[in-house]
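A.B. asks: What follows is a single structure, and I will ask about it in a moment.
Number of protein chains: 2
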Amino acid sequence: MAGKKQIESAVSAQDPLKQKGLSVTDSRRKILQLFMQQKGALSHGDIEKKAGATFDRVTIYRTLQTFLDKGIIHAIPSANNAILYALCHEQCGPDHHDHQHIHFICSRCKHTFCLDHSVTPDLHLPKGYQAQDIDVLVKGVCKRCNTTSK
Amino acid sequence: MAGKKQIESAVSAQDPLKQKGLSVTDSRRKILQLFMQQKGALSHGDIEKKAGATFDRVTIYRTLQTFLDKGIIHAIPSANNAILYALCHEQCGPDHHDHQHIHFICSRCKHTFCLDHSVTPDLHLPKGYQAQDIDVLVKGVCKRCNTTSK
DNA sequence: TATCAAAAAGCAACAAGGTTGCAAAAATGA
DNA sequence: TCATTTTTGCAACCTTGTTGCTTTTTGATA
Chain P
1 MAGKKQIESA VSAQDPLKQK GLSVTDSRRK ILQLFMQQKG ALSHGDIEKK AGATFDRVTI
61 YRTLQTFLDK GIIHAIPSAN NAILYALCHE QCGPDHHDHQ HIHFICSRCK HTFCLDHSVT
121 PDLHLPKGYQ AQDIDVLVKG VCKRCNTTSK
Chain H
1001 MAGKKQIESA VSAQDPLKQK GLSVTDSRRK ILQLFMQQKG ALSHGDIEKK AGATFDRVTI
1061 YRTLQTFLDK GIIHAIPSAN NAILYALCHE QCGPDHHDHQ HIHFICSRCK HTFCLDHSVT
1121 PDLHLPKGYQ AQDIDVLVKG VCKRCNTTSK
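These protein sequences, in sequence, are chains P and H. First residue of the first sequence: 1, per the numbering used here; consecutive thereafter. First residue of the second sequence: 1001, per the numbering used here; consecutive thereafter.
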């Protein structure tokens, strides 16, 4: 395969996959790399397009699930029927994702970003309701779109 | 059809459908009625189950889209790939939904509720980011589940 | 580096969710 | 009641996601 060398060279000695106890495979390296390059959130479909015909659809699904389980990526809720995934910046582990950041959806470029801006919304839930986890979705115009073409 | 009388009797003179300039049909009445009874959010699948084999799948999709467009219901983002819909309590119109309420997802009974609790999260977005709309998703235990079985 | 068990990838087939075009049926207004 | 417009139902299709099983690859060991 032509792209293999390229993939390998981009992986440093401190392989995040090994750190999480995962065996290192082409698909995992490639998908992890896509997330690191992107800086935004990716859907399964995005990855399928970017990875070309390199990997089977099922492999991508399973890799995403594995990354989720290991706390490498987290899922971002959306209203358009396509789950988005992004790298976890904090130290998330299996079974506990701890994110207190905002998910920002740009209505112009349609990208979704994680803003590492620890926000605790001022919650006053009605009596009886007990909060465990909070996700703040903000729709608006992102930095790039705001500066590029006003 | 056996259930038709029942549906009609539940519709008062002040038909919300007519108010929004929609023609009144069985499916629209029935689906609107389901939302009013439910008090929680419904997915397309939920409606399909509750409506039985009364309506075609496609009709339900189109009715939901129409209700969305007219500001009768709003979509709630979720992380499990099933868009939820709930009635708009405030006066929403075509092309502008204005909700400042929390969406509460109960991790026990799996229902999603709109808490009409006007919350403005303390947002400090990084420079350049411009917020238009905010959606707060809270996962936790709802009132009923908290009191019923502790 | 050759070997081997365990893990992951690929393949096929399937299920669910969602969309589109078109003909038949129902709702609205005259 | 009639004609026009809107909506429904149907069929067919596409996308997204899942499952079982076989083949390939990985990582550890000799």
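The beta-carbon is built from N, C-alpha and C at its ideal position, and this holds for glycine as well. For clarity, every value in this text was computed on a predicted model and none was experimentally measured.
Does Q55(P) come out as helix, strand or coil in the three-state DSSP assignment?
C.D. replies: If you number the first sequence from 1, residue 55(P) lands on position 55. As written in the sequence, residue 55(P) is Phe, which differs from the Gln given in the question. Three-state result, F55(P): coil.
A.B. asks: Beta carbons nearer than 7 Å to chain H: which residues of the stretch 126-146 of chain P have them?
C.D. replies: Within the stretch 126-146 of chain P, the residues whose Cβ lies closer than 7 Å to some Cβ of chain H are P126, G128, Y129, Q130, A131, Q132, D133, I134, D135, V136, L137, V138, K139, G140, V141, C142, K143 and N146, listed in chain order.
A.B. asks: Between Q100(P), Y85(P) and D56(P), which lies nearest to L32(P) when the distance is taken from Cα to Cα?
C.D. replies: One-based indexing of the first sequence puts residue 32(P) at position 32. When each option's Cα is compared against that of L32(P), the closest is Y85(P).
A.B. asks: Against L1115(H), what residues of chain P qualify as contacts under a CB-to-CB distance less than 9 Å, listed in chain order?
C.D. replies: Within the second sequence, the letter at position 115 stands for residue 1115(H). Residues of chain P passing the Cβ test: L125, P126 and Y129.
A.B. asks: Using the C-alpha atoms, what's the distance from K1049(H) back to V1011(H)?
C.D. replies: Position 11 of the second sequence, counting from 1, holds the residue named residue 1011(H). Position 49 of the second sequence, counting from 1, holds the residue named residue 1049(H). Note that V1011(H) scores a pLDDT of 41, beneath 50, so its modelled location is shaky; the value from the coordinates is reported in the next line. So the alpha carbons of these two residues sit roughly 22 Å apart.
A.B. asks: Mark T148(P) as exposed unless 16 or more other C-beta atoms lie within 10 angstroms of its C-beta, in which case mark it buried.
C.D. replies: The residue you call residue 148(P) lines up with position 148 of the first sequence. With fewer than 16 other Cβ atoms within 10 Å, it is exposed.
A.B. asks: Give me, in chain order, the residues of the same chain whose beta-carbon lies closer than 6 Å to that of R1108(H); leave out the 5 immediate sequence neighbours on both sides.
C.D. replies: Here residue 1108(H) is taken as the residue at index 108 of the second sequence, counted from 1. Hits under 6 Å: V1141 and C1145.
A.B. asks: Rounding to the nearest angstrom, what Cα-Cα distance links C114(P) and H1089(H) in this structure?
C.D. replies: Counting from one through the first sequence, the residue named residue 114(P) turns up at place 114. Counting from one through the second sequence, the residue named residue 1089(H) turns up at place 89. If you take the alpha carbons of C114(P) and H1089(H), they lie about 30 Å apart.
A.B. asks: Of all the options A41(P), T66(P), I105(P) and D135(P), which has the alpha carbon lying nearest to the alpha carbon of S27(P)?
C.D. replies: Taking the first sequence and counting its residues from 1, the one referred to as residue 27(P) is at position 27. Looking at the Cα atoms, T66(P) is the closest of the given residues.
A.B. asks: Which residue wins for smallest C-alpha separation from Y129(P), given the options Y1129(H), V1138(H), H1074(H) and K1030(H)?
C.D. replies: Position 129 of the first sequence, counting from 1, holds the residue named residue 129(P). Y129(P) has its Cα closest to that of V1138(H), out of Y1129(H), V1138(H), H1074(H) and K1030(H).
A.B. asks: Just the chain H side, please: which residues come within less than 9 Å of A86(P) by C-beta, in chain order?
C.D. replies: Here residue 86(P) corresponds to residue number 86 of the first sequence, with the count starting at 1. Simply none; closest approach about 12 Å.
A.B. asks: Taking the straight line between their C-alpha atoms, what separation do you get for M36(P) and A51(P)?
C.D. replies: As a first step, residue 36(P) is located in the first sequence; it is residue number 36 there, counting from the start. As a first step, residue 51(P) is located in the first sequence; it is residue number 51 there, counting from the start. Their backbone Cα atoms lie some 14 Å apart in a straight line.
A.B. asks: List the residues that DSSP assigns as beta-bridge partners of Q1130(H).
C.D. replies: For the purposes of this step, residue 1130(H) is identified with residue 130 of the second sequence, where counting begins at 1. For Q1130(H), which the question treats as bridged, DSSP gives the partners V141(P).
A.B. asks: Please say whether A75(P) and A1079(H) have beta carbons closer to each other than 7 Å?
C.D. replies: Here residue 1079(H) refers to the residue found at position 79 when the second sequence is read from its first residue. Here residue 75(P) refers to the residue found at position 75 when the first sequence is read from its first residue. Going by C-beta atoms, A1079(H) is nearer than 7 Å to A75(P).
A.B. asks: On the three-state DSSP scale, how would you describe D116(P)?
C.D. replies: Within the first sequence, residue 116(P) is the residue found at index 116, counting from 1. D116(P) falls in the coil class under three-state DSSP.
A.B. asks: Using 10 angstroms around the beta-carbon of K1039(H), count the other beta-carbons present and answer buried if the total reaches 16, otherwise exposed.
C.D. replies: Along the second sequence, one-based indexing puts residue 1039(H) at 39. The residue in question, K1039(H), is exposed, as its Cβ has fewer than 16 Cβ neighbours within 10 Å.
A.B. asks: With 16 other CB atoms within 10 Å as the buried threshold, where does H124(P) fall?
C.D. replies: Start at 1 with the first residue of the first sequence, and residue 124(P) comes out as number 124. Exposed: under 16 other Cβ atoms inside 10 Å.
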